[in-house]
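Inspection log for the structure reproduced underneath, given as structure tokens.
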Amino acid sequence: MPLFGKSQKGPADVVKALKEAVNSLEKGDKKAEKAQEDVSKNLVLIKNMLYGTSDAEPQADIIVAQLAQELYNSNLLLLLIQNLNRIDFEGKKDVAQVFNNILRRQIGTRSPTVEYICTKSEILFTLMTGYEHQEIALNCGTMLRECARYEALAKIMLYSDDFYNFFRYVEVSTFDIASDAFSTFKELLTRHKLLCADFLEMNYDKVFTHYQRLLNSENYVTRRQSLKLLGELLLDRHNFTVMTRYISNPDNLKLMMNMLKERSRNIQFEAFHVFKVFVANPNKPKPILDILLRNQEKLVEFLVRFHTDRAEDEQFNDEKAYLIRQIRELKPIPGH
Amino acid sequence: MTNYDGQISSYKTVSILGQCFDSKAIVYLANHLPSASLVAIKKFDMDKVRGEVKLVEREIILTRQLNHPNIISYHTAFVASSEVCVVSPLMAYGSCRDLLCRHFNEGLIEPSIIMIIQDVLQALVYIHKKGYIHRAIRASHILISATGQACVTGLRYACPIIINGKWQRSIHSFPATTEKNLNWLSPEILEQNLLGYNEKSDIYSVGMVICELANGSEPFAGMSKTLMLTEKVRGITPQLLDRTTVSKDENLDCGGDCELSPSILNRRFSDDLHELAGLCFTREPYDRPTAAQLLTHPIFKTIRKSLPLPELLKPALPLSDRVGYDTEEMEVFDSISRLSNLNLYSCEWDF
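Taken in order, these protein sequences are the chains called P and Z. Under UniProt numbering, the first residue of the first sequence is numbered 1, with each subsequent residue one higher. Under UniProt numbering, the first residue of the second sequence is numbered 1, with each subsequent residue one higher.
See the structure below:
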């Protein structure tokens, strides 16, 4: 594409042409094939303006600013996402790349695209339901994770009813989609510490009822990943209140003790990192203490033989030795 | 179009094709029962995979987002017990490394090399255009289909060129767990200096593959990693072994250690092929041609009238034609995996 000359289309023209093409693709009329071609072509033009190519630099800021303004005004971002399943394979990825670039746009400390999406939260919800559709799930995933980097957008997603659909998405039978959904799910629950802690505290019952299902999933990968994430959430000091609540529930302790004995060594290992929090708690509620006491000898014997081949992992061995000592020294609360 | 489902019971494993990913994954030949078609299933034993879960995920997700006739495609990927199973079309000749080990210890003939390299370069044009660097181009990551099409695989080592919403001019991250690929990597990746590297480093690896396919042996085989690095940094690279590069006297001089067979000493690769390898090995990445530029090299015109690759690969036969698979091996394997599933230690908690 020449940098100068009459043939070059400005941002307004490209956005207009793309919008028309997507509209006719949506209608599915006779010209669908032509529309498909036009969509692809104009997407590439926009992508090249933003990223440049191997032999051309990206366009100047002023052009990019114009382009962004046109995209907001024409409502094209939403339109593209709503019609993502109709766009061809390479075009879908181009949409995601254009979206992600525009999203990162900054003017000083402001992020105009983020502000725009806050007023058009339908964009986020459409992206989230993208996980329902195999052919666009991964494309939506890359856009969602990019959105989740911004606290304002992460908040809208976390506090929506649609968020609970993730508990289903992370368990779908297609491995790549489930993994991708899990990355997004994890990003939403861990990226913005204070936001996440507040969210978990306020929605403790609902979230952990759903979370329980993941920990009991038939799917090995879901079980392992959700257990690992649980450990990370509980050990994050921002989530202190949530942790205290979690380790006061004897059902949670029982689940972890059973997972310590799972056949999979990785699951045993991840369960260990949650189990240790129950034991290390200086103020164990009675039901928790009772379970530990009832199994005191068995636990000590079990832990002594637990993952003895991890000799090189110093931290693990220190923690294990500490747990064994703690459990050995457990005593019933006097007067009971 | 056949629908390859995510039910492990739909796939009957027939034999083992090979191992990969440090033996954490095994590739099986399997029969997809509903369609009665042969497929390859790669099973990652996730219990052996500790820190590299992300690598497995990345490979599968990236491969699913690429669509090119010279890049391996996946029918589906699903979880069955503690394994991640990836179903892909059967690559009936296996990898180029398999071909070299089983049938062509002294290398492939020139037309075969050119055809394979052409396919690899086409895959790289696409991969680079889509904003990725492969970082592990080597014969074992090039698979050959029954019709003789070469498909690139091994995308778990790939990295994106677009970072933080920007197309990067150079990349500085060093690929994790890449020990086994070091010999194929470009000097600029290995140096890990401030200049970084870009997609041209894949082209250097293509040069390594040309030599690997021509000579039959892995580049820098038996050499220490430090010496390999020094050689590359000094611009010393492997050569195509033929009568123009190894003289008979030289061969005798070095005693018994590196004695080459008469067929190597008498063969002659074309000047074009020597030149192609040389272009790939251009020391300065900026001056090194791109994949698209290399494809315009006249050498690729020489194969227009050549026989198709499967003819040239004889006596190697595509897998689907071989009869009597190694079922015995499968049985031993099954019983081993049954044994390892026995729970040796169990205790009951008292709740």
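Each residue gets a CB set at the ideal place from its N, CA and C atoms; glycine is no exception. None of these values were measured; they are calculated from a predicted model.
- The alpha-carbon separation between P:Asn-42 and P:Asp-94 amounts to approximately 10 angstroms.
- Looking at the backbone, the Cα of P:His-210 and that of Z:Val-87 are separated by about 31 angstroms.
- In the structure shown, the three-state DSSP call for P:Ile-291 is helix.
- In this structure, the beta-carbon distance from Z:Leu-99 to Z:Ala-277 does not fall below 8 angstroms.
- Chain-ordered, the chain Z residues with CB closer than 7 angstroms to the CB of P:Ile-291 read Phe-351.
- Exposed is the label assigned to Z:Ile-163, since fewer than 16 other Cβ atoms lie within 10 Å of its Cβ.
- Here the stretch 199-213 of chain Z makes contact with the stretch 115-132 of chain Z; the two share three or more CB pairs at distances below 8 angstroms.
- In this model, Z:Ala-291 and Z:Ile-203 are separated by some 7 angstroms (Cα to Cα).
- Classified as buried, Z:Phe-44 has 16 or more neighbouring CB atoms from the shown chains inside 10 Å of its CB.
- Judged by DSSP in its simplified three-state form, Z:Cys-347 adopts coil rather than helix or strand.
- Taking a Cβ-Cβ threshold of 9 angstroms, none of the residues of chain Z is close to P:Phe-167; the smallest such distance is about 17 angstroms.
- Around the Cβ of P:Arg-105, a 10 Å sphere holds 16 or more other Cβ atoms; the residue is buried.
- Residue pairing from DSSP places Z:Cys-85 in a beta bridge opposite Z:Lys-43, Z:Phe-78.
- Residue contact with chain Z for P:Gly-108: absent (no Cβ-Cβ distance below 8 angstroms to any residue of chain Z).
- Excluding its 5 nearest sequence neighbours in each direction, P:Ala-280 has C-beta neighbours in its own chain below 8 angstroms: Tyr-322, Leu-323, Gln-326, listed in chain order.
- P:Gln-59 sits in coil when the DSSP states are folded into three classes, being neither helix nor strand.
- Within the same chain, Pro-250, Leu-253, Lys-254, Met-257 come within 8 angstroms of P:Ile-291 by CB-CB distance, once the 5 residues on both sides are set aside.
- Z:Ser-81 reaches chain P at Tyr-220, counting residues in chain order whose Cβ is nearer than 8 angstroms.
- Pairing Z:Ile-137 with Z:Val-209 gives a Cβ-Cβ distance under 8 angstroms.
- Secondary structure note for Z:Thr-63: its alpha helix (DSSP H) is the uninterrupted segment 53-64.
- Nearest in C-alpha terms to P:Ile-87, of all of P:Ile-107, P:Ala-137, P:Gln-36, is P:Gln-36.
- As DSSP reads the structure, Z:Val-27 sits in a beta bridge with Z:Gly-18, Z:Lys-42.
- Neighbours of Z:Ile-26 in chain P, taken as residues whose beta carbon is under 9 angstroms from its own, are absent, since the nearest beta carbon is some 17 angstroms off.
- Just so you know, the alpha carbons of P:Glu-132 and P:Tyr-169 end up roughly 8 angstroms apart.
- In this structure, DSSP gives P:Pro-112 a helical state, which the three-state scheme calls helix.
- At least one CB atom of chain P sits nearer than 8 angstroms to the CB of Z:Ile-61.
- Across the stretch 256-278 of chain Z, no CB contact with chain P closer than 8 angstroms is found for any residue.
- From the beta-carbon of Z:Gly-165, the residues of chain P found nearer than 7 angstroms are Asn-100, Asn-101, Arg-104.
- Non-local beta-carbon contacts of P:Ile-63 in its own chain, meaning distances under 7 angstroms to residues more than five positions away in sequence, involve Pro-11, Met-49 in chain order.
- Around the Cβ of Z:Ala-36, a 10 Å sphere holds fewer than 16 other Cβ atoms; the residue is exposed.
- Scanning Z:Tyr-286, Z:Val-56, Z:Trp-349 for the CA closest to the CA of P:Glu-262 turns up Z:Trp-349.
- With 16 or more other Cβ atoms from the protein chains shown falling within 10 Å of its own Cβ, Z:Met-115 counts as buried.
- For Z:Thr-76, the chain P residues whose Cβ falls inside 7 angstroms of its Cβ are Thr-174, in order along the chain.
- Z:Ile-171 and P:Leu-189 have their C-alpha atoms roughly 30 angstroms apart.
- A direct Cα-to-Cα measurement between P:Leu-194 and P:Leu-79 gives close to 33 angstroms.
- P:Thr-308 counts as exposed, since fewer than 16 other beta carbons sit within 10 angstroms of its beta carbon.
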